[in-house]
Amino acid sequence: MDQALGSNDQAIDFYQDEFRCPIYVMDIVKLMRIVLEQSEKDSTLELFKAFKIFNLGGPTRLSRFEMAKMLCEHRSYSVSNC
Numbered sequence: 007m008d009q010a011l012g013s014n015d016q017a018i019d020f021y022q023d024e025f026r027c028p029i030y031v032m033d034i035v036k037l038m039r040i041v042l043e044q045s046e047k048d049s050t051l052e053l054f055k056a057f058k059i060f061n062l063g064g065p066t067r068l069s070r071f072e073m074a075k076m077l078c079e080h081r082s083y084s085v086s087n088c
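Residue 7 is where the sequence shown starts when you use our numbering, and the numbers rise one by one after that.
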């Protein structure tokens, strides 16, 4: 998304009916550390290891269009590209 918006002078279509809940990567690291430490204390590490796939998201629901617009504003790209 960043590369497309930063290097393109043409408008790009971003869906307004697809949503994501972005999360800061360091929040994921902190959460995983807490879960691992707790699972070792509770002897549930085997259960934790068994799943291996986790779905994590942030508290804010954004459409792809909203994320593109925020990125344009943050990077000083032309918002008209969105």
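Glycine residues also receive a C-beta, built at the ideal position from the N, C-alpha and C atoms.
Quick caveat: nothing in here was measured; it's all calculated off a predicted structure.
Best match in the options for proximity to residue i [C-alpha to C-alpha]
i	options	result
A56	L42, E24, L62	L42
N-terminal and C-terminal residue of the alpha helix (DSSP H) that residue i is part of
i	result
C78	70 to 81
L62	Per DSSP, L62 belongs to no alpha helix (DSSP H) and is neither H nor E.
V35	31 to 47
Helix, strand or coil at residue i [DSSP, three-state]
i	result
L20	The displayed chain sequence assigns Phe, not Leu, to residue 20. Note: F20 maps to coil in three-state DSSP.
| query | Between the stretch 30 to 39 and the stretch 67 to 84, do three or more beta carbon pairs fall short of 8 Å? | reply | no
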